[in-house]
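Enquirer: One structure coming up, written as structure tokens, with questions to follow.
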Amino acid sequence: MLACYVFCHCCNQLTRSCLESRLEDFSMWSVTAIITATLFAQVAIGQPPNDSHFSDVDIDTVASGIFGNRGPSTKPTSRCKAFPGETAWPSVSDWASLNRTLGGVLLNPSPPASVCYPTSASFNTTACNFLFNGASQSTFWFDDPVTVQGTWPQGLTCPLVRNPQANATCTRGGYPVYVVNATQPKHVQSAVNFAREKNVRLIIKNTGHDFLARNIGAGSLSIWTHNLRGFEFISDYKQPGGRYRGPAAWVGAGLQVYDAFRYALAHNITLPAASCLTIGSYGGWISGGGHSPLSSKYGLGVDQVLELKVVTADGKYVTANPTKNEDLFFAFRGGGGMITSAIVKAHPAINLTIASFNFNLGNTPSSSPSSNPTITNSTAFWLGFNAIFAFAIPVVDAGGYLWTNGLPSGPGFAMQVQVQMPGLSPGEALAFTQPLLDELNGLGIPVANITVRTQVYSSQSSTGAGGAPGAGGYFASRLFPRAAYVDPVLFSKAMNASRVLVEAGYTFHGLNMAPTLEAAGHPYPAGVNPVWRESVMHADIFGFSKLNLGTATDQQVIAAQLALTQLMEPLKEATPGGGSYLNEGDPHEPNWQQSFYGDNYSKLVRVKKTRDPWGVFWAPTTPGSEEWKIEGEGGLLWRQSGRLCRV
Numbered sequence: 001m002l003a004c005y006v007f008c009h010c011c012n013q014l015t016r017s018c019l020e021s022r023l024e025d026f027s028m029w030s031v032t033a034i035i036t037a038t039l040f041a042q043v044a045i046g047q048p049p050n051d052s053h054f055s056d057v058d059i060d061t062v063a064s065g066i067f068g069n070r071g072p073s074t075k076p077t078s079r080c081k082a083f084p085g086e087t088a089w090p091s092v093s094d095w096a097s098l099n100r101t102l103g104g105v106l107l108n109p110s111p112p113a114s115v116c117y118p119t120s121a122s123f124n125t126t127a128c129n130f131l132f133n134g135a136s137q138s139t140f141w142f143d144d145p146v147t148v149q150g151t152w153p154q155g156l157t158c159p160l161v162r163n164p165q166a167n168a169t170c171t172r173g174g175y176p177v178y179v180v181n182a183t184q185p186k187h188v189q190s191a192v193n194f195a196r197e198k199n200v201r202l203i204i205k206n207t208g209h210d211f212l213a214r215n216i217g218a219g220s221l222s223i224w225t226h227n228l229r230g231f232e233f234i235s236d237y238k239q240p241g242g243r244y245r246g247p248a249a250w251v252g253a254g255l256q257v258y259d260a261f262r263y264a265l266a267h268n269i270t271l272p273a274a275s276c277l278t279i280g281s282y283g284g285w286i287s288g289g290g291h292s293p294l295s296s297k298y299g300l301g302v303d304q305v306l307e308l309k310v311v312t313a314d315g316k317y318v319t320a321n322p323t324k325n326e327d328l329f330f331a332f333r334g335g336g337g338m339i340t341s342a343i344v345k346a347h348p349a350i351n352l353t354i355a356s357f358n359f360n361l362g363n364t365p366s367s368s369p370s371s372n373p374t375i376t377n378s379t380a381f382w383l384g385f386n387a388i389f390a391f392a393i394p395v396v397d398a399g400g401y402l403w404t405n406g407l408p409s410g411p412g413f414a415m416q417v418q419v420q421m422p423g424l425s426p427g428e429a430l431a432f433t434q435p436l437l438d439e440l441n442g443l444g445i446p447v448a449n450i451t452v453r454t455q456v457y458s459s460q461s462s463t464g465a466g467g468a469p470g471a472g473g474y475f476a477s478r479l480f481p482r483a484a485y486v487d488p489v490l491f492s493k494a495m496n497a498s499r500v501l502v503e504a505g506y507t508f509h510g511l512n513m514a515p516t517l518e519a520a521g522h523p524y525p526a527g528v529n530p531v532w533r534e535s536v537m538h539a540d541i542f543g544f545s546k547l548n549l550g551t552a553t554d555q556q557v558i559a560a561q562l563a564l565t566q567l568m569e570p571l572k573e574a575t576p577g578g579g580s581y582l583n584e585g586d587p588h589e590p591n592w593q594q595s596f597y598g599d600n601y602s603k604l605v606r607v608k609k610t611r612d613p614w615g616v617f618w619a620p621t622t623p624g625s626e627e628w629k630i631e632g633e634g635g636l637l638w639r640q641s642g643r644l645c646r647v
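Numbering-wise (full-length UniProt numbering), the sequence shown opens with residue 1 and increments by one.
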């Protein structure tokens with residue numbers, strides 16, 4: 001998907017030279033931790049998730065000195081979280097004590113690009129050259145404890161440049177000060193309790209894929225879940241208090257999609273997962289909702305979850321399912337939370353067949369029909385645009401997934417189309433798509449000889465190779481309810497609004513699916529936005545080509561975001577009862593509580609306040625987050641380089 005193309009900087013293996021060069025950038029604590037993490041990643045793959053944790057007995061007796069007093073009387077009275085340089089910030093001995101508790105996995109990492117700055121203590125020409133010449137062939141960026149896949153919210157205080165200007169500086173900005181390289185739940189518990197007792201801002205980062213800046217924060221302690229891996233196939237699992245009985249898998253929160261697929265292929269099963277293969281699917285993807293090419297057939301990511309292992313704000317490691325901690329089982333599936341592992345449904349192996357074609361509006365028409373023709377008739381192009389989206393209803397009703405991009409291209413525009421059909425043969429998929437092709441040809445768009453390919457869904461693989469993260473981009477999203485989509489008047493208005501966005505220079509990225517409760521097997525109620533159940537399209541509107549965040553001023557960013565917000569209004573008016581996807585949305589979405597969470601928001605806030613009266617967990621646009629703000633950012637909540645304070 002386009003979002004993956006923009007933010008997935010995929011890599012494969014951490015090389016020895018990369019490891020050696022990175023060791024110079026960390027404190028002695030970090031050297032031990034990085035080696036531990038690397039060895040753990042090697043031995044844990046193919047083994048069950050590490051379940052080592054502090055029990056309630058440990059917390060109440062042996063570990064009481066670590067966990068402190070978790071009663072309401074310990075609720076911080078300070079308006080702001082402790083910040084480096086202030087007396088409230090934990091001392092060096094406090095951090096050293098935490099590191100001993102953790103067994104040596106506390107990191108104090110520098111920004112990765114610091115090795116390129118002569119003014120930095122981390123300056124290292126060899127390491128800098130590696131970032132430009134070798135990192136893109138490795139998993140370096142995903143294996144870095146602070147790197148995120150869109151760096152603008154960090155403040156761009158240490159951009160990757162080969163030859164910085166004289167006296168240019170690299171500072172931490174929105175990157176965390178310390179990072180817990182969690183390889184077991186016990187590490188997460190210790191981090192949560194330290195942050196609560198010391199009133200330190202706590203953040204969670206997995207692979208770094210996040211559009212809303214929820215995985216970074218100035219003056220913070222970060223829980224890095226990337227190495228909470230592991231996989232175990234369960235041939236016969238009965239969900240406690242639930243409807244499901246059958247094959248399942250126990251998966252670590254840090255397990256990336258391509259590793260999950262490797263295990264699924266070995267066990268001849270299907271695990272619905274994110275389209276971007278480097279995402280850690282069992283953390284933020286499922287806790288935010290999680291869509292996939294199989295959503296019309298099996299539901300959302302939250303619908304795959306049968307049981308969760310989580311850490312709560314009081315430091316406890318608990319199981320959440322329909323009979324234990326039901327409030328958490330509801331809230332974590334759509335409202336976010338600190339997940340360490342999950343038990344998910346394992347479906348039978350299935351093939352995914354994709355019929356692909358494009359068409360373009362340009363100055364020179366194609367001389368013959370093809371799978372990528374160019375036409376010069378603007379009216380025909382936009383009628384074809386509408387026809388593609390109208391065809392989405394038969395696609396999703398047949399359990400399929402329609403992937404599209406409408407975008408500016410050269411002197412005109414392009415429409416990119418993939419009809420993705422689970423379980424169909426190439427011949428069946430082509431026959432299914434033929435009515436759409438006939439309609440396009442009737443409009444004067446000579447599409448022919450389209451590409452049709454098929455493969456076992458779980459056979460998708462990735463080497464993970466990719467370049468350094470960029471500054472990122474700004475965008476918005478919209479969920480289209482079926483009722484609005486099939487109404488001719490509203491559909492026409494929605495298509496006109498979409499056309500205006502594309503003509504204004506935005507990319508309209510449509511993902512048509514129907515993750516109904518029926519498709520999901522009527523799972524236990526979840527906190528995910530209920531609008532998903534009635535929706536037939538999730539659309540992302542990207543402004544990446546309109547503004548370079550790496551060079552834009554704050555005023556330009558604000559103006560660009562406001563312009564997109566205004567252009568989204570006609571689309572919202574044409575989709576009454578719609579919403580927006582929590583994991584792919586506008587950080588400044590108006591009335592985000594309703595847009596992202598719908599009617600579940602009030603219940604999610606109640607669970608949050610009951611379970612976390614201290615305000616341990618916070619991230620932008622999460623339940624209850626409006627009670628806090630980032631100071632010193634002029635209202636730019638999207639940027640996380642300021643101090644976190646109560647409103």
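For every residue, glycine included, the Cβ atom is placed at its ideal position computed from N, Cα and C.
All values derive from a computational prediction rather than experimental measurement.
1. Let me know if THR364 comes out buried or exposed under the rule of 16 or more other beta-carbons within 10 Å of its beta-carbon.
2. Determine contact between the stretch 378-393 and the stretch 429-444, defined as no fewer than three beta-carbon pairs at a distance below 8 Å.
3. Restricting to Cα atoms, I'd like to know which of GLY423, MET415, GLY104 and ALA471 is closest to GLN455.
4. State buried or exposed for THR516, treating a residue as buried only when at least 16 other CB atoms are found within 10 Å of its CB.
5. Under 9 Å, do SER641 and GLY174 count as touching if we go by C-beta distance?
6. Whose CA, out of LEU644, PHE329, GLY254 and VAL447, lies closest to the CA of GLN184?
7. Buried or exposed: which applies to THR507, given that a residue is buried once 16 or more other Cβ atoms fall within 10 Å of its Cβ?
8. Ends of the beta strand (DSSP E) at TYR178?
9. Near ALA468, which residues of its chain fall below 6 Å by C-beta distance, leaving aside the five closest residues on each side in sequence?
10. Out of ASN321, TYR317 and PRO394, point me to the one whose CA is closest to GLN304's CA.
11. Is it buried or exposed for ASN449, if we count other Cβ within 10 angstroms and need 16 for buried?
12. Please classify GLU439: does DSSP put it in a helix, a strand, or coil?
13. Do ALA313 and ASP612 have their C-beta atoms closer together than 9 Å?
14. Taking only three categories from DSSP, how would you classify MET537?
15. Among all the DSSP beta bridges, which residues are the ones paired with ALA414?
16. For PHE617, write down the residues that DSSP places opposite it in a beta bridge.
17. Which residues does DSSP list as the beta-bridge partners of ILE339?
18. How far does the beta strand (DSSP E) with PHE132 in it reach, from first residue to last?
19. For CYS645, collect the residues of the same chain with a Cβ closer than 6 Å to its Cβ; drop the 5 residues on either side in sequence, then sort them by chain order.
20. Per DSSP, MET421 forms a beta bridge with which residues?
21. Do LYS345 and residue 726 have their beta-carbon atoms positioned less than 9 Å apart in this structure?
22. In this structure, how does DSSP classify LEU106 when only helix, strand and coil are distinguished?
23. Going by DSSP, which residues form a beta bridge with GLU232?
24. Could you check whether LYS198 and PHE54 sit closer than 9 Å to each other, using their CB atoms as the reference points?
25. Measure the C-alpha to C-alpha separation of VAL536 and VAL486 and round it to an integer number of angstroms.
26. Would you mind stating whether ARG229 and PRO49 have Cβ atoms separated by less than 9 Å?
27. Given this structure, state the Cα-to-Cα distance separating VAL616 from TRP382, to the nearest angstrom.
28. Between the stretch 544-555 and the stretch 355-363, can you find at least three pairs of beta-carbon atoms closer than 8 Å?
29. Output the distance between the C-alpha atoms of ALA248 and THR323, rounded to the nearest integer angstrom.
30. Let's test the definition: count the other Cβ atoms within 10 Å of the Cβ of ASN193 and tell me whether it reaches 16, buried, or not, exposed.
31. Does DSSP put TRP532 in a helix, in a strand, or in coil?
32. Go ahead and label PRO481 buried or exposed: buried means 16 or more other beta carbons lie within 10 angstroms of its beta carbon, across all protein chains shown.
33. If you draw a straight line from the C-alpha of SER97 to the C-alpha of TYR178, how long is it?
34. If you draw a straight line from the alpha carbon of THR278 to that of SER461, how long is it in whole angstroms?
35. Ordered along the chain, which non-local residues of its own chain (more than five positions away) have a Cβ less than 6 Å from that of ASN325?
36. Which residues in the same chain have their Cβ closer than 8 Å to the Cβ of LYS572, if we skip the five residues on either side of it in sequence?
Expert: The structure says:
1. exposed
2. yes
3. GLY423
4. buried
5. yes
6. GLY254
7. buried
8. 178-181
9. LEU160
10. ASN321
11. exposed
12. helix
13. yes
14. strand
15. ASN360 and LEU407
16. LEU202
17. VAL310
18. Careful: PHE132 lies outside any beta strand (DSSP E), inside the alpha helix (DSSP H) at 125-133.
19. ARG79, CYS80 and GLU631
20. THR353
21. Residue 726 is absent from the model: the chain starts at 1 and stops at 647.
22. strand
23. TRP250
24. no
25. 10 Å
26. yes
27. 50 Å
28. no
29. 18 Å
30. buried
31. helix
32. buried
33. 13 Å
34. 10 Å
35. VAL318
36. ARG478 and GLY578
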